[in-house]
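Chains as they are written, first to last, in our numbering: chain F, 1 to 381; chain D, 1001 to 1260.
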Amino acid sequence: MPSNKSVSDAPITQFVNCRILKDHKLQWEDLWVREGKILNPEKLFFDEEGFADHKVDCEDKIIAPGFIDVQINGGYGIDFSQASSDIRGGVALVAKKILEHGVTSFCPTLVTSPSDIYHKVIPELRVQDGGPEGAGVLGIHLEGPFISEEKRGAHPPKFLRTFKAGGLADLMEIYGHLDNVAMVTLAPELANSAAAIHELSGRGIAVSLGHSMADLSQAEEAVQHGAKFITHLFNAMLPFHHRDPGIVGLLTSDRVPPGRTVYYGMIADGIHTHPAALRIAHRAHPAGLVLVTDAVMAMGLPPGRHTLGQQQIDIQGLHAYLTGCTVEAALEAASLHPAQMLGISHRKGTLEYGTDADFVVLDDTLTVRETYIAGQKVWRK
Amino acid sequence: MRLVILDDYDLASEWAAKYIRNRIVQFKPTADRYFTLGLPTGSTPLGCYRKLIEYHKNGDLSFKYVKTFNMDEYVGLPRDHPESYHSYMWNNFFKHIDIEPQNTHILDGNASDLQAECAAFEQQITAAGGIELFVGGIGPDGHIAFNEPGSSLVSRTRVKTLAKDTIVANARFFGNDLSKVPTMTLTVGVGTVMDAREVMILITGAHKAFALYKAIEEGVNHMWTVSAFQQHPRTIFVCDEDATLELRVKTVKYFKARMH
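What follows is the structure in structure tokens.
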């Protein structure tokens, strides 16, 4: 067929015989990709009178947006919080390995560390696009040191900090740089946290509440100042209590400013949180669920993926029930919701036209078979 | 006229689709000799389109050497609006088959000069060698394409203002908000369809029964524009039982007997 494409001569790939996640449902639709972005085939047909250069037969598999992991401390022997001699090489190794699990973008996470670690490591963890070398780095997640001592979990107590005034000066003194930072987890009950939340949110950095003893009204105030995420819900915070639900109460709070959503990360490995608790959270606030791995360097396989990838799946036709939610809901918790939380859903986390063509090909057991970044196959099983 | 009566909507859709398929296959179209097909939109032909897609996917029908000409399009509706006829044709037909984009022709309701667009459409039909088979539907008021009651029976492709009945009937696609329904369309004329070598009209459902009666059992009348096809040498009306409810028993028995 003669080429008649008026917008671009770049090759067009059409993925056929697949079910894609579109409009929150899995639908039998083809996926079109050109120049690293999802292409609108109707516009191509009518405006450019164009057609696909080659077709890929997906053999009835599922195509979902690439997974986004906003909490991962390292893996495969790499610890992001160490000022090793080859920080960039370490990130690259992890970025490459997580492609096998369908993760196309991530936020390398630093746990509570002394100030000089932040000063050394943060400049080395640059935001960068993904590709055949590995998943893209969306920005750093700084989990600490402005967290609660009682709820520090595995974080080293001597490096915990409090805010002096909470302004930019405090943050820069500890962290050194805020470029390349996408998220900060802090405990809002610390004095002057409001100023810090304000300062960080104003810079487009997502503020997350975690490792905290805050009660619900302190958490709600933090949300009013700009906080929009909860770090590993249920873990390292006060348990839900019916007279003061604590941070968990944000899921159903009526004091969240209109138009805003509070997202919450959950480590869905069945260990950090009982599946029944995961279901309660999901049913209370399905739109906010974000699946994270919180993987650590000792792990060869990030724990979160196990739950998503295999078990508790009861397949009946196209509906797979993973810990009580639909396939679509689970896929969105790993892609759309983290993208929305980070404010990048106009280019990541969906298969909408014009967005980055980062996606995964899954079989019916939701095992990742192929991973694509910018329309290029970067891993296959 | 041939009147083909099937028991229900699905059988009528299948009969029509098979007819179109057989006509294309027997024509043996090539790059030098395309099969030109006129196409409708609306709910009636959806079953027919589904069957045609099925025949294509089975390998029994290729649209590689088929040129299509749609009957109409709304004026002023963005081309990618979900209710535009461009969207309808893409979602219900074009995206599932192997037709080449440059071989499809749909009037552009956003053209800067609507009259020139209509004239150009007529020229495109002529340049393609005329329409081999024009498939159409019928409105409850007996209109073919958007040739509303009172349209000239020798009309050509032009801008038409919609009748109130049609606007109300279309409101369900625009959130039941009458103010959002387009009021003007570009449509092929009755004369344009009459020029086709063969015409096939699909009519299903009891709500179309009175229009079918007016179209084939009463006279040729510009108030029921489908009646013009009484004067076409090769017309087929494909309908289901419900659409025949207003016809004389004698008419129905005559045509049903001819089907065996």
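Quick reminder that beta carbons are idealized off the backbone N, C-alpha and C, glycines included. Fair warning: this is a prediction, and the values are worked out from it, not measured in the lab.
Query, Result
"Under a CB-based cut-off of 8 Å, is residue 42(F) close to chain D?", "yes"
"Residues of chain D with a CB under 7 Å from the CB of residue 49(F): which are they?", "1101 and 1102"
"At which residue ranges does the stretch 206-283 of chain F contain complete beta strand (DSSP E) runs of 3 or more residues, listed in the order of the chain?", "206-209 and 263-267"
"Could you tell me which uninterrupted alpha helix (DSSP H) segments, each at least 4 residues in length, are contained entirely in the stretch 115-142 of chain F, listed from first to last along the chain?", "115-121"
"Any C-beta of chain D sitting closer than 8 Å to the C-beta of residue 45(F)?", "yes"
"Any beta carbon of chain D sitting closer than 8 Å to that of residue 103(F)?", "no"
"Mind listing the chain F neighbours of residue 1090(D)? Cutoff is C-beta to C-beta under 9 Å, in chain order.", "41, 42, 45 and 46"
"Any beta carbon from chain F within less than 8 Å of residue 1080(D)'s own beta carbon?", "yes"
"Identify the continuous beta strand (DSSP E) that holds residue 1226(D) and give its terminal residues.", "Neither: residue 1226(D) is in no beta strand (DSSP E) and is coded neither H nor E."
"Return the chain-ordered list of same chain residues with a C-beta closer than 8 Å to the C-beta of residue 1151(D), the five sequence neighbours on each side being excluded.", "1143, 1160, 1189, 1190, 1222 and 1225"
"According to DSSP, which residues form a beta bridge with residue 1253(D)?", "In DSSP, residue 1253(D) forms no bridge with anything."
"Tell whether a beta-carbon distance below 8 Å holds between residue 410(F) and residue 236(F).", "With chain F running from 1 to 381 in the structure shown, residue 410(F) is simply not present."
"Does DSSP classify residue 1210(D) as helix, strand or coil?", "helix"
"For residue 1178(D) and residue 1140(D), what's the separation of their Cα atoms in angstroms?", "19 Å"
"Quick one: grab the DSSP three-state call for residue 34(F).", "strand"
"What are the residues that DSSP puts in a beta bridge with residue 65(F)?", "359(F)"
"Leaving aside the five residues before and after residue 14(F) along the sequence, list all residues of the same chain whose C-beta is less than 6 Å from its C-beta, in chain order.", "30, 32, 52 and 55"
"How many angstroms separate the CA atom of residue 351(F) from the CA atom of residue 289(F)?", "19 Å"
"Which chain F residues are close to residue 1086(D), counting only those with a beta carbon under 7 Å from its beta carbon?", "46"
"Please list the terminal residues of the continuous beta strand (DSSP E) segment that includes residue 1038(D).", "1035-1039"
"How big is the Cα-Cα spacing for residue 165(F) and residue 63(F)?", "48 Å"
"Looking at the secondary structure, which residues open and close the beta strand (DSSP E) in which residue 1002(D) lies?", "1002-1006"
"Please report whether the beta-carbon of residue 1210(D) lies at a distance below 8 Å from any beta-carbon of chain F.", "no"
"Between which residues of its own chain and residue 149(F) is the CB-CB distance below 7 Å, once the five residues before and five after are set aside?", "157 and 160"
"Let me make sure I understand the geometry here. Which of 238(F), 274(F), 365(F) and 358(F) has the alpha-carbon closest to that of residue 60(F)?", "365(F)"
"Thinking residue 1051(D) and residue 1017(D) are a contact (beta carbons under 8 Å), I'd like their distance in whole angstroms, please.", "3 Å"
"Where does residue 303(F) fall in DSSP's three states?", "In this prediction, residue 303(F) has a pLDDT of 40, which is less than 50 and means its spatial position is unreliable; what the coordinates show is noted afterwards. Helix, per DSSP."
"If you compare alpha carbons, which of 1133(D), 1174(D) and 1099(D) is closest to residue 959(D)?", "Nothing about residue 959(D) can be read from this structure; chain D reaches only from 1001 to 1260."
"Alpha carbon to alpha carbon, how far is residue 348(F) from residue 43(F)?", "21 Å"
"For a test of the three-state rule: what should DSSP assign to residue 74(F), helix, strand or coil?", "strand"
"So, residue 1037(D) versus residue 1135(D), is the Cβ gap smaller than 8 Å?", "yes"
"Identify the residues that DSSP records as bridge partners of residue 377(F): which are they?", "372(F)"
"Can we say the stretch 1052-1069 of chain D touches the stretch 1022-1033 of chain D, given the rule of at least three CB pairs closer than 8 Å?", "yes"
"Residue 1094(D) versus chain F: which residues are under 7 Å apart at the beta carbon?", "45"
"Compare the C-alpha of residue 101(F) against each of 360(F), 121(F) and 248(F) and name the closest.", "360(F)"
"Does the beta-carbon distance from residue 169(F) to residue 137(F) come in below 8 Å?", "no"
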